[in-house]
Every structure is written in C-alpha cells, then in structure tokens.
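*Asks:* Sharing a structure below in structure tokens format, with a few things to ask.
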Amino acid sequence: MQAENHSESYRDPVCGMEVAGDGSKPELELDGKVYHFCCDGCRTRFRNDPEAYRTARDPVCGMQVERADAAHMARHEGNRVYFCSARCKDRFDADPDAWSGELPTPEPQPEGTEYTCPMHPEILQDHPGDCPKCGMALEPLSPSADAGPNPELVDFTWRLKLVAPLAGLIFLLEMSTHVGIPVDEWFGHPLFGWVQFALATPVLWLCRTFFRRGWSSIVNRAPNMWTLIAIGTGAAYLFSLVALLAPGVFPAEMRGANGAAPVYFEAAAVILALILAGQVMELGAREKTGDAIRALMDLAPKTARRIDESGETDVPLDQVEQGDRLRVRPGEAVPVDGTVDEGSSSIDESMITGEALPVEKAAGDAVTGGTLNKSGSFVMQAGAVGSDTTLARIIDMVSSAQRSRAPIQAMADRVAGWFVPIVVGIALLSFVLWVLFGPTPVLSYAIVSAVSVLIIACPCALGLATPMSVMVATGRGAHAGVLIRDAEALERFSKVDVLVVDKTGTLTEGRPVLTDVLPEPGVSEGDLLSWAAALERGSEHPLAEAILAGAGERVAPERQATGFEAVTGKGVTGQIDGQDVALGNAALMADLGVAADPVRLEELQADGKTAMFLALDGSLVGIIAVADPIKKTTGKALKGLRAAGLRIVMATGDAGATARAVASELGIDEVHAGVSPEDKQALVADLQGQGARVAMAGDGINDAPALAAADVGIAMGTGADVAVESAGITLVKGDLGGILRARILARATMRNIRQNLVFAFLYNSAGVPLAAGLLYPLFGVMLSPMVAALAMSLSSVSVITNALRLRAVKLKR
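Heads up: the sequence shown at position 216 corresponds to 216 in the UniProt record's numbering, and the numbers run straight through without jumps.
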C-alpha cells in the first residue's frame, strides 16, 4: 500500500497521479470545473466516461470524494483508495483489512492477459509474479487502456521517499568523522555504531526486493547486476553487524584505541538508495512505452451505433460483428473497418496516411476504424472487426516492436555475467587461502580478506556508469530541444547509418498553404481569389482554410456566396453577385462542361501542389493551388546529416508525384510513396535485414509502428502523441536539425558511458587482488575494508565527475 499527500498540485482523476497545474499537462473543462491530467490518454478516458472518474467513496466514513480534489489517496492491493481527510486515511493505514469490505472492486487485467519480464522478453506466463531469471515483477504483455500507474513504480517511489532521508543521514554522520567533526565521540563509540545500525536496517528492509532478485539470479544461475548488489551490500551490512556485536573476532590492528571495529553501514545504505533511485527513473521511462499503446487504444470509440430491425442502438464495440450496419455521425470516430453504404462525408485519415487533408468518402468507399469523421453523416457496413482492424494491427505491431528491445542494463548485465562469478570466486579463494596459510587468528584474517574483496567489488560505480551519463545527457539534450527516453536510444542512435523520414509534418510543415493564384487573361488576381474565398467560407475542408488564410494575407476583396453546395470528392459550387461560380478539380469542371488546362495541372502536380479550377458562368477564369511547404530548416539539416554519414530515405503515404517533387527539391534520391503503416514497418525491417542500423523520423499515428520497429525512433514533438510515445528521441520543436544535435549528443554520451565503465572496473579490478591480501606476504599489510570502501567511493566520484562533462558538449556544427 502507498499513500500520497496532495498539497498544491492537482490530482489526475483517472490514474490518481499528482499533476502540476501550470498548463504543461493536458486539461479539460467540464461543467465549469477544470480537470488536470498526466497524459492525453487519461484525458481521453475521462472525456469518454466522466462519471466513472469524478467521484469515489471513502471506505472509512462512506463520504463521496471528488477524485481530482482528494487530499489523500492510498494504493491497496492494486486499487486506488481516496479519503476525505487525513484522519480517515490514518485509520485505514492502521488496519486496511478492517475496511476491506468497503473497498471498491479492484481493476483486474482482461481475461487471457499474458505477462512478461521487461528484462527477459522470452519469459511468458498467464499470471502476474516475479521473473524466474532475475526476480523482477512481470508486466502485462500489452497494457490495458484503463490501467493505472505501474504498481511497481508507485511502490518504489514511496519506498525511495523513506530510504533517501535515512541513507542521507547515515552518510552525513559517517562522513563527518572523516572531516574532523567528532560525532562518534559525542554519541560514544558503541552507541554511534548502534545509531548507524538503526538507520541502515530499515533501508535494507525497504530494499529487500533487490536481495530477492539477487537470490533468484543465484538460484537460476543467471548472474546479473542484482547478484552484485545483493552480495556487495549484504556483505557490507553483515560485516558491520559482526563488527558491532563481536569486535573481538577481528585482529587488534583493525580495532581502534577504544576496541571498536570499523562498520560500513553507510556503504550498504547509500548504495541501495542510489540503486532504488535508478530503478524509479527506469520504471518511469518504461511506463511511457505503455502510454503509446494506450493512446492508440483510445482512438477507437467505446461504442458503435448499430442499425437493425428495431432501430438504432448504441452497443459496446466488442459486440459489433462483420456485416453489421453502423451509423457514424459528424465528429465521431469510425468504429471498425468497413465500407460506406449510404451518405457521404470527409474523413480525417491522418492516423493511417499521415496526410493533413481529409479524404472524401461516398457509397462504396472503404473507411478505417479509428479515423475521424469530419462533417457528414453516413451508414457503413462493418468489415474487419476486433483484432483484425487496421488500428488493432498497428497496436499489435507497436507492442511487438517495443517488447523486442533489449533492456537498458543489457550491457552491464553481460559484463556482470562473467564479472560476478570471478569476484565471488576470488573472495572464496582468498578466504580458503587465509584459513590454510594465514597467521593467527586465521579466521579473522580470512573474513576480513573475503569481505574486503566483496566490498571493493560492490557495483556502486558500475550501477552509476550508465544512469549518471544518461541523466546529464538528457538534461543537456532537453536544453537543445532533444528529448531522450533512455540510454538504449542513445546507444542505438550513435550507431545508426540509415535515416528513414516521413514527409508530412517531418520534412514539411504538415498544413496546406496557398501557393499559386493564376488568373486567366482579363481576370485580376484579387477577383479570382475573392471568388474562391467567398465559396470556401461555407466549407470545413482544410483546403478552404488555406484559401481563406491566403485571401486574408493578400487582402482580396470580400464577397458573399449564396446557394453553397459541396460536391463530394470534386469541389464546391454557388452563386456570387448573380453569377454561377464553381471551384474544384478536373472532374467537377468536366461535369460542368468547362474546358480545364491539363498541361498547367500537370505542371502544378509535378511541383507537389494541389490545383483547383475556378469557373464563372461556365467559363474557366483561373487556377488556385495549395501545397504543404517544406520547413525552412529541412534543407540545411539534411545536408548536415549526409555529412555525418547518414543515408536518407523518404517514406510517405502521399502520392508519388507530390513525394517526388519534395524529394527532388531536397536532394533525396530514395523515395517510397503511397506506403501504409505496415509498408513503413516492412521497409524498416527490410533495411535492417540488409545489415543497416535504421532510425525512423516521423510525426503521425501512421508512423508509430515504424518508429517502434526501428533501431531508434525519432518523433516530431509537434506531431501525434502516439508517435512521440513510440519513439526513443523526440524533437520538441519539430526541427529536423534536432536529429543532427541528437546524433552528436548520442556519440558523446556513449563515449562517456564507456569511459565510466572503464573507471568503475579499473578501481574494482585493481583493488580486488589487494583486498584479497596480495600485499601481506610482501609488506605485512592488509587492505582493510575502510580502504576498500574508499576505493569504491573514488570510483563513484570519478564516474559522476566524468558524466558531468556532458553538460559542456557542443551540439552545433
């Protein structure tokens, strides 16, 4: 169970997390009240069913509590519990079982949920538990859309809040004795040792999960970081406990004038606190990968409006069957894949194609579940449902690609695979040799030697080597507009040699603008634009927005249109000043008997533009074109990326002519146009199959599978949330130049991490033989655990100091 105190921040009514009310997080106003959320997924779930998340019942007093305003919240057996006051919370904390009958029903995982280990993806079982290889808590294979925060993250967070002050206090007490402050004399030597014992023991108890994982690694013969942590900190604690209880078993030269033997409770406590902090950081980053899938799940509506003999009724989405007739109203998401039976509309299919322009749909046209209906109402026939829909396949691809990634500590664990057995073997060998050949008292010397080896090999610096560099690098990257999810993204990106880029929103602005106004002889540019703008004022099409914005910028005369009519898939018509006016494509002109200009049309399309003809009383009076402009920084950024040795490949769902026009202007030779989300993922897999290390840069929902499947995904921060959450690197400003900055930072960080690992192993490896007693036969001197602890501290200082150098890395070329 974990309790949280709510101060001045707001509480997310869906997941219970505390959220700053500074506008940096999603918000939603409902019935005059503003609700604050930790992510878009929680906001969407609340918007879909606000009554399910508004209030909760205090199990102690029975009062209804506003979840967003609850001052106190606890987590008990996987369920969130809200209280009206501190008094009720305290009564609950004192004896949760007494109130168990008053608790709300827990939120179970769906039937058939499989669980896997984040460190060992090959582990699969049908129930929660611990990984048989490393002891880590298993997680659902695919997160539920309604899941709350990661229970292990919540658990470790509140443990860290208790561990940090205890470890900090014992560290200050111990270090004060080394800078001339006689704290030990103030307490009295025996009492000072017991004070450290009293502070360190709760730390070990709160971090007992690490020892369980270490034990699992030993039992399963899979040595890893947890093996070192458990053995090293356990040895330091047990050595100190023996020194405190029976100082006489140690040689006289190891004891001070007061007869007390040295204790190392602070080493065990501080190491465990640092490791726990690292775990909280890692779990927080890993929870974001689940947000990507939850954001995808939220695209599909929870219900569908089914039409049958009895009329129209709303039914749960999982009850929709193939062949059902469904009504989709304006502003609603299409529930499943299918075809239009009746009516027409424009559909925002950006989640599939990445294109900003809605697609006109009429009877017989295919529609995709999760896409957004804009203005019209239509009836569709359900085709693919359930796990067969396009959205479900995208979710499955993102989930599968995320699970295939190695854990962040893979490098350290590979090293630990041989380092741990060697260290333990040296400690045992040292113990045996001292028992057989050492001076009297042999047992004391043997214990000191073995424990010194384990203490000096304790993986404090090894555990800090990657997190410290990543922590500094992520801060440095954030200042440069580059958000980095974890160390693995940096490691992979430093080795990338192929960059696959989406077009819309990545190379281009992602929104159409007016580019050409081409009047026929005798017609002014102002009149042509004025007629077009008058017609488009009645339209909700994005092209209309571009024309109206362009007319405003060019100060075209304002006219009013009457008799407005939208012709699905062709354009719009109306009357202006008593004259018939039509604006649309070549098909609309053909219907009206107006001769269009095919040569000019082809020229505009070759430049990647969308052309519209305008006819007045049956005669062509001009052409208006819009296009998605290339970002100003794109050309320079691509030039720098090529100079950095990257091969550039464009992959877009847009038409071939438009894609080739943009590629030609930017000097991109390899273009894949008209590709689906599956095609983008297949392209990434094909390049990887050729031995390339691939980065994918995109901004749309359609890019999510490829972003997750690539060696590293790079998302535009101005794009879809699911793209951002599927990527390892996010460019906050959507500036492609950020990729070059990320490349420089990635290489500098990996170089820094390798240096840190060298520092860590250099100190430990050099100290192990000395701790084992190598100097005793030559000089009659033993390396005491105090020196071993000092060497361990020096290695940590070296790692931290070296990592801080990343703050000065220059990210511009």
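The C-beta atom is built at its ideal place from N, Cα and C for all residues, glycine as well.
Is it right to say Ile422 is buried, meaning 16 or more other beta carbons lie within 10 angstroms of its own, or is it exposed?
*Replies:* Classification of Ile422: exposed, given that the 10 Å Cβ count is below 16.
*Asks:* Does DSSP put Ser33 in a helix, a strand or coil?
*Replies:* According to the sequence as given, residue 33 is Lys; it is not Ser. Strand, per DSSP.
*Asks:* Do you know whose CA, among Gly343, Phe564, Arg554 and Ser452, lies nearest Gly578's CA?
*Replies:* Phe564
*Asks:* Between which two residues does the alpha helix (DSSP H) harbouring Thr371 extend?
*Replies:* Counting along the chain, Thr371 falls outside any alpha helix (DSSP H), and DSSP gives it neither H nor E.
*Asks:* Can Ala710 and Met696 be called in contact, C-beta distance under 9 Å?
*Replies:* Yes, these two residues count as a Cβ contact at 9 Å.
*Asks:* Measuring alpha carbon to alpha carbon, tell me which of Ala427, Tyr53, Pro247 and Ala267 ends up nearest Ala200.
*Replies:* Ala267
*Asks:* Using a Cβ-Cβ cut-off of 7 Å (strictly less than) and excluding sequence neighbours within five positions of Ala137, which residues of its own chain qualify?
*Replies:* Asp130 and Glu152
*Asks:* Applying the 10 Å Cβ sphere with the 16-neighbour rule, what's the burial state of Ala587?
*Replies:* exposed
*Asks:* Report buried or exposed for Thr227, applying the criterion of at least 16 other Cβ atoms within 10 angstroms of its Cβ.
*Replies:* Under the 10 Å beta carbon count, Thr227 is surrounded by 16 or more other beta carbons and is classified as buried.
*Asks:* For Leu274, which option in Pro301, Thr339, Ala243 and Leu204 has the closest C-alpha, if you only look at C-alpha atoms?
*Replies:* Among Pro301, Thr339, Ala243 and Leu204, the Cα nearest to that of Leu274 belongs to Leu204.
*Asks:* Determine whether the beta carbon atoms of Ala68 and Pro128 lie at a separation below 9 Å.
*Replies:* no
*Asks:* Would you call the stretch 593-600 and the stretch 549-569 touching, i.e. three or more CB-CB distances under 8 Å?
*Replies:* no
*Asks:* Out of curiosity, what's the CA-to-CA distance linking Ala366 and Ala643?
*Replies:* Approximately 44 Å, taken between the alpha carbons.
*Asks:* Indicate whether Ala706 and Gln681 have their beta-carbon atoms separated by less than 9 Å.
*Replies:* yes
*Asks:* Is DSSP giving Gln579 helix, strand or coil here?
*Replies:* strand
*Asks:* Between the C-alpha atoms of Gly667 and His36, what's the straight-line distance to the nearest angstrom?
*Replies:* 45 Å
*Asks:* Looking at chain C, is there any beta carbon in it that lies within less than 9 Å of the beta carbon of Thr55?
*Replies:* Of the chains in the structure shown, none is chain C; there is only one protein chain.
*Asks:* In three-state DSSP terms, what is His6?
*Replies:* Interpretation of His6 is limited by its pLDDT of 41, a score under 50 that renders its predicted location unreliable; no figure is taken from the coordinates.
*Asks:* Using CA atoms only, rank isn't needed, just tell me which of Arg476, Leu454 and Leu514 is closest to Ala772.
*Replies:* Leu454
*Asks:* Alpha carbon to alpha carbon, how far is Ser387 from Asp337?
*Replies:* Rounded to the nearest whole angstrom, the C-alpha separation of Ser387 and Asp337 is 11 Å.
*Asks:* In the structure shown, what three-state DSSP assignment does Arg537 receive?
*Replies:* In this structure, Arg537 counts as coil in the three-state DSSP scheme.
*Asks:* Reducing DSSP to helix, strand and coil, say where Thr515 ends up.
*Replies:* Looking at Thr515 - three-state DSSP - the assignment turns out to be strand.
*Asks:* Is the separation between the beta-carbon of Val626 and that of Leu543 shorter than 9 Å?
*Replies:* yes
*Asks:* Rounding to the nearest angstrom, what Cα-Cα distance links Ala704 and Ala243 in this structure?
*Replies:* 57 Å
*Asks:* On the criterion of 16 or more Cβ atoms from any shown chain inside 10 Å, does Trp434 qualify as buried, or is it exposed?
*Replies:* buried
*Asks:* Have a look at Val280 and Glu139 and give me their C-alpha separation to the nearest angstrom.
*Replies:* 15 Å
*Asks:* Could you give the C-beta distance for Ala235 and Val451, rounded to a whole number, given that I count them as a contact under 8 Å?
*Replies:* 5 Å between Cβ atoms; contact.
*Asks:* Return the chain-ordered list of same chain residues with a C-beta closer than 7 Å to the C-beta of Pro519, the five sequence neighbours on each side being excluded.
*Replies:* Glu525, Leu528, Val621 and Gly622
*Asks:* Could you name the residues of the same chain whose beta carbon sits closer than 7 Å to that of Asp607, not counting the 5 residues immediately before and after it, in chain order?
*Replies:* Contacts found: Ala661.
*Asks:* Relative to the C-alpha of Lys374, which candidate in Arg91, Pro358, Ala596 and Thr389 has its C-alpha closest?
*Replies:* Pro358
*Asks:* Alpha carbon to alpha carbon, how far is Ala590 from Met612? Give it in angstroms, no decimals.
*Replies:* 13 Å
*Asks:* Per DSSP, what kind of secondary structure is Ile123 in: helix, strand or coil?
*Replies:* Residue state, collapsed to three classes: coil.
*Asks:* What's the call for Ala246, buried or exposed, on a 16-neighbour Cβ count within 10 Å?
*Replies:* Exposed, by the Cβ-count rule.
*Asks:* How is the beta strand (DSSP E) around Pro677 delimited, first residue to last?
*Replies:* That residue, Pro677, is in no beta strand (DSSP E); its alpha helix (DSSP H) goes Pro677 to Gly689.
*Asks:* Among Gly370, Leu30, Ile347 and Ala86, whose alpha-carbon lies nearest the alpha-carbon of Leu317?
*Replies:* Gly370
*Asks:* Just mark Arg80 as buried or exposed, buried being the case when its beta carbon has 16 or more other beta carbons within 10 Å.
*Replies:* buried
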